[in-house]
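Participant: Residue numbers (numbering that gives the first Met the number 0), protein chains in the order written: chain A, 0 to 274; chain B, 0 to 450. Just passing along the structure, written as structure tokens.
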Amino acid sequence: MMTGTEIATGLVSAAAFAAAAVGARRLLHGPDVRATAAVRIGAAVAILSSSALLIRAVVAEGPAAALQQGYESMSLLAVLTGLLAAGLHLARTLRGLDAFLFAFAALMEAAALVFGGEASMPSTQRPWFISHALAITLSGVFFTAAGLAGVAYLAAYRGLRRRPVREPSAVGASLESLDRFGRTALILGFPLFTYGILTGMCGIAHRRDLSFAGMLTDVTALLSLAAWGVYAYMLICSLWRPNVRGPTAAALATVGWVVVTTAFLARELMSPLHQ
Amino acid sequence: MRTLVIGCNHRTAPVRTRERIALSAEALPRAAREFRARFPGVQFAFLSTCNRMEVYLAAPSGATPRIAEVIAFLGEFHGVEPEAFAAGLYTHEDVAAARHLFRVASSLDSMVVGESQILAQVKSALEQARATGSAGPELEGLFEHALAVARDIHARTGLSAGKVSVGSVAADLAGRIFSRLDDKRVLMVGAGEMAETTLSHLLAGRPKHLWVTNRTPATAEELAERLARTHGVAASTVPFDEWVTRLAEADIAVTSTASREPLLTPAGFAAIPRRRGYRSLLIIDIAVPRNVDPAVGAQAGVFLYNIDDLQEVTERNLAQRREAVAAGEAIVETAVIEYAGRCLRRDLSPMIIALRRRFQVVADEELARLIPKLKEASGHDRRLIEQMLHRVLAKLLHGPMSLLGEQADPGTATVYADALRRLFGLQDDELEEEDHDTANSPVHGGLDGRA
């Protein structure tokens, strides 16, 4: 069961991330002191409050036990996404993408409130688990960024190809910036994701009650492997097949993100391996 | 205090008239010196742009130069007969002058409504006036208010939204495709004024290299040299029969030749995407008939825009700006009322002081007549009588003065002030005396000699 502190922190963080998203969206129309304040204060409040709760959980229960909790692991994803969004907001090279990432962080905080009440799993207390959880969470952040950049790219690309030419999309960043950002996020996320899958397999090997055959019937495991395939293909193409770039790469990044997000959410509901 | 603007703009005077009285950046300091020598103590600022030439003045009512005197100065300064330009001049006074400057600064009065350059020009006029010592508190207040109104309008309305020239739209599209232009290569195919204007917006981003090609190599050479010199970019020429292959390296191409048939066809372009590693390619085809087959634009990564595409965007943006004009005008009107109220309170201040002084003088005269008759009264009694009289005067004046000072509507306040002035027979010299008493700026100090 979730504690009152967790519920209150989750609500505050979700609201603060949402305020930051609205502020970042408004900043696309030009300088606005109140919008800037909303982004900065909202992001700071959300990141600090959720981080404080995570740190408290890690100190009280140890990292392995804390990261097994539905609420904490989803909140960690929200915090990391929020940090990435704050970095983008300050960098200003990818205007507008910060709004989407803040919105995603708000959604994750809200989702943590909904799904986080699941009973905690027995702790394995093994190092592989911490590595697995951290690597998967971090890769999830990068793939989320790449996926959102892909969505933004497709919207901007469509707007530029249409006649009459449409106004700039919600994200003010150029196609080139979005493409570069998506590729960078993929390059950072893929090794972490691969490592996360490998440590997950280590976990299966350590457990007598689990088998590799079980992976073939586990939704999360299957989706993760499918997403890994998509990202591996993208990575190979970005190195050796330049024709898979631009809109094609953006579409693949979007598909990969949808698969990864589905796998992440399915972990709580439809994954016997993880439960 | 009176505020006055005298000037002409693109609507009231043709360019041949405006250019005769325009003030270049070099001529401005000398004009300021001579104007101040002619009209000492007057606050003034010159606003000279390609579309307008205006002189803004602020001075106490009695010290304001006559319009004819300002026109004569402009004529003498430029060595032009006043008749040659006076017909195109307009004048606005006080509230109308403020409204005019607010509209000018916010580009509601510009040839291209919503253009942002005028805001910088108004700011520059104020800075110039400060630098030459011709600005004073009233004129500075007016200009600062105008700049704030303009910024407010740009922030709250869509008046400056979107690009409204073909060149700026092309540059905007380039900005939506590429994150930066300084690592990009631009290819210009053909020559022509329109192409050059369009290209100048792209060259403002300082691309890495510019290739120019033309059927006449000498024209290409001359154009490349001129563009390199004007925009500070590396430029070279390409033989005309090789420009299609050069697309493999270019990121942006601007085509503008007089060819009757498309110069770039899908067949000719087929090998290019692979050779350029499928990078994005922006093609601006402003030629009529078109130089690039529309089918080329269907290829992935190619962004092809013809002149109609660009003009459609400019038309749409202009329409949006026209829709925002009403909102901008409403903000101007609100600001004018606020500004007029502020001016009124400032202008009423000498009258209130003069009125108090008038009452004080009457009281002092009556006391001077009464006190000698009170032979048996002690010093204490006399002081009590003096205090009582002053309290009565203060209480009698308090109501009307408060009402006047707090009056929000400038029209009503003016009526009240005028009534008080007439009822108590306040003369202009009494009010001006107060002006001098409260003056603290060098400009105010300079007015002493004219009062």
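Beta carbons: idealized from backbone N, C-alpha and C, even for Gly.
#1: Please confirm whether S119 of chain A has its beta-carbon closer than 8 Å to some beta-carbon of chain B.
#2: Taking only the alpha-carbon atoms, compute the straight-line gap between G87 of chain B and A12 of chain B and give it to the nearest angstrom.
#3: Between the segment 234–249 of chain A and chain B, which residues of the former have CB atoms less than 7 Å from a CB of the latter, in chain order?
#4: Which residues in chain B sit within 8 Å of P163 of chain A, going by Cβ to Cβ distance?
#5: Please list, in chain order, the chain B residues whose beta carbon lies closer than 7 Å to that of A155 of chain A.
#6: Might you give, ordered along the chain, the residues of its own chain that have their beta carbon closer than 8 Å to the beta carbon of A44 of chain B, omitting 5 neighbours on each side?
#7: Span of the alpha helix (DSSP H) holding Q359 of chain B?
#8: Buried or exposed: R321 of chain B, going by 16 or more other Cβ atoms within 10 Å of its Cβ?
#9: Given a cut-off of 8 Å on the beta-carbon distance, is the pair A184 of chain A and F141 of chain A in contact?
#10: Determine which residues share a DSSP beta bridge with Q42 of chain B and list them.
#11: Is it buried or exposed for I20 of chain B, if we count other Cβ within 10 angstroms and need 16 for buried?
#12: For S122 of chain A, which three-state DSSP category applies?
#13: At 4 residues or longer, and completely inside the segment 134–209 of chain B: list those alpha helix (DSSP H) runs for me, N to C.
#14: Assuming A37 of chain A and L96 of chain A are in contact, meaning their beta carbons sit under 8 Å apart, how far apart are those beta carbons, in whole angstroms?
#15: For the beta strand (DSSP E) holding R129 of chain B, just list the boundary residues, first then last.
#16: Taking Cβ positions only, does G276 of chain B come closer than 8 Å to chain A?
#17: Mind checking W210 of chain B: buried by the 16 CB within 10 Å criterion, or exposed?
#18: Express the C-alpha separation of A24 of chain B and R162 of chain A in angstroms, rounding to a whole number.
#19: Please tell me whether A234 of chain B and L226 of chain B are closer than 8 Å, where the distance is taken between their beta carbons.
#20: Express the C-alpha separation of V312 of chain B and M1 of chain A in angstroms, rounding to a whole number.
#21: Please confirm whether S122 of chain A has its beta-carbon closer than 8 Å to some beta-carbon of chain B.
#22: When the distance is taken between beta carbons, is G9 of chain A closer than 8 Å to E71 of chain A?
#23: According to DSSP, simplified to helix, strand and coil, what is E267 of chain A?
#24: Determine the DSSP secondary structure at H273 of chain A, reduced to helix, strand or coil.
#25: Which word fits P349 of chain B, buried or exposed, when buried means at least 16 other C-beta atoms lie within 10 angstroms of its C-beta?
#26: Excluding the 5 residues flanking V237 of chain B on each side, which residues of the same chain have their C-beta closer than 6 Å to its C-beta?
#27: May I ask you to report which of helix, strand or coil DSSP gives E385 of chain B?
#28: Which residues of chain A have a Cβ atom closer than 8 Å to the Cβ of S178 of chain B, listed in chain order?
#29: Indicate whether at least one CB of chain A lies closer than 8 Å to the CB of F268 of chain B.
#30: Can you tell me which residues form a DSSP beta bridge with H91 of chain B?
#31: Can you give the Cα-Cα distance for A104 of chain A and L52 of chain A, rounded to whole angstroms?
Facilitator: Checking against the coordinates, here is how it stands:
#1: The residue given as residue 119 of chain A occupies position 120 in the first sequence. The pLDDT assigned to S119 of chain A is 49, lower than 50, so where the model puts this residue is not dependable; a value taken from the coordinates is nonetheless given after this. So no, S119 of chain A is outside the interface.
#2: One-based indexing of the second sequence puts residue 87 of chain B at position 88. One-based indexing of the second sequence puts residue 12 of chain B at position 13. Approximately 5 Å, taken between the alpha carbons.
#3: P241, N242, R244, G245 and P246
#4: Here residue 163 of chain A corresponds to residue number 164 of the first sequence, with the count starting at 1. Simply D308, E311, V312 and R315.
#5: If you number the first sequence from 1, residue 155 of chain A lands on position 156. What A155 of chain A touches in chain B: R175.
#6: The residue given as residue 44 of chain B occupies position 45 in the second sequence. Here the set comprises V54, Y55, A124, L125, Q127, A128, S133, A134, L138 and F142.
#7: To locate residue 359 of chain B, count along the second sequence from 1; it is residue 360. Segment I306 to L369, the alpha helix (DSSP H) holding Q359 of chain B.
#8: Position 322 of the second sequence, counting from 1, holds the residue named residue 321 of chain B. R321 of chain B comes out exposed.
#9: Taking the first sequence and counting its residues from 1, one reaches residue 184 of chain A at position 185. Taking the first sequence and counting its residues from 1, one reaches residue 141 of chain A at position 142. Taking 8 Å as the Cβ cut-off, A184 of chain A and F141 of chain A qualify as a contacting pair.
#10: In the second sequence, counting from the first residue as 1, residue 42 of chain B sits at position 43. Partner(s): B:A57.
#11: Position 21 of the second sequence, counting from 1, holds the residue named residue 20 of chain B. I20 of chain B is buried by the Cβ-count criterion.
#12: In the first sequence, counting from the first residue as 1, residue 122 of chain A sits at position 123. Because S122 of chain A sits at a pLDDT of 46, beneath the cut-off of 50, its placement in the model cannot be relied upon, and the following sentence gives the value as read from the coordinates. Looking at S122 of chain A - three-state DSSP - the assignment turns out to be coil, as it is neither helix nor strand.
#13: 136–155, 165–176 and 192–202
#14: Counting from 1 along the first sequence, the entry for residue 37 of chain A is found at position 38. Counting from 1 along the first sequence, the entry for residue 96 of chain A is found at position 97. Between L96 of chain A and A37 of chain A the Cβ distance is about 17 Å, and since that is not below 8 Å, they are no contact.
#15: The residue given as residue 129 of chain B occupies position 130 in the second sequence. Run containing R129 of chain B: none in the beta strand (DSSP E); it sits in the alpha helix (DSSP H), Q116 to T131.
#16: As a first step, residue 276 of chain B must be located in the second sequence, where it is residue number 277. Cβ-Cβ to chain A under 8 Å: yes for G276 of chain B.
#17: Walking along the second sequence from the start, residue 210 of chain B turns up at place 211. Answer is buried; the Cβ neighbour count reaches 16.
#18: For this step, residue 162 of chain A is matched to residue 163 along the first sequence. For this step, residue 24 of chain B is matched to residue 25 along the second sequence. Going from the Cα of R162 of chain A to the Cα of A24 of chain B covers about 44 Å.
#19: Locating residue 234 of chain B in the second sequence gives position 235, counting from the first residue. Locating residue 226 of chain B in the second sequence gives position 227, counting from the first residue. Their beta carbons are under 8 Å apart, which means A234 of chain B touches L226 of chain B by this criterion.
#20: In the first sequence, counting from the first residue as 1, residue 1 of chain A sits at position 2. In the second sequence, counting from the first residue as 1, residue 312 of chain B sits at position 313. Cα-Cα distance, rounded: 54 Å.
#21: Your numbering for residue 122 of chain A matches position 123 in the first sequence. Residue placement at S122 of chain A cannot be trusted, given a pLDDT of 46 that sits under 50; what the coordinates show is reported in the next sentence. Judged by the 8 Å Cβ criterion, S122 of chain A is not in contact with chain B.
#22: Position 72 of the first sequence, counted from the first residue, corresponds to residue 71 of chain A. Position 10 of the first sequence, counted from the first residue, corresponds to residue 9 of chain A. Cβ distance not < 8 Å, so E71 of chain A and G9 of chain A don't count as in contact.
#23: For the purposes of this step, residue 267 of chain A is identified with residue 268 of the first sequence, where counting begins at 1. Helix at E267 of chain A.
#24: The residue given as residue 273 of chain A occupies position 274 in the first sequence. Coil, per DSSP.
#25: Within the second sequence, the letter at position 350 stands for residue 349 of chain B. Result: buried.
#26: Position 238 of the second sequence holds residue 237 of chain B. Excluding residues within five positions, the ones whose Cβ falls inside 6 Å are W210, T212 and R245.
#27: Taking the first residue of the second sequence as position 1, residue 385 of chain B is located at position 386. Reduced to three states, the DSSP call for E385 of chain B is helix.
#28: The residue labelled residue 178 of chain B in the question sits at position 179 within the second sequence. The contacting residues are T92, A172, S173, E175, S176 and R179.
#29: As a first step, residue 268 of chain B must be located in the second sequence, where it is residue number 269. No, its Cβ sits nowhere closer than 8 Å to a Cβ of chain A.
#30: If you number the second sequence from 1, residue 91 of chain B lands on position 92. BP columns for H91 of chain B point to B:V4.
#31: Position 105 of the first sequence, counting from 1, holds the residue named residue 104 of chain A. Position 53 of the first sequence, counting from 1, holds the residue named residue 52 of chain A. C-alpha separation (whole angstroms): 16 Å.
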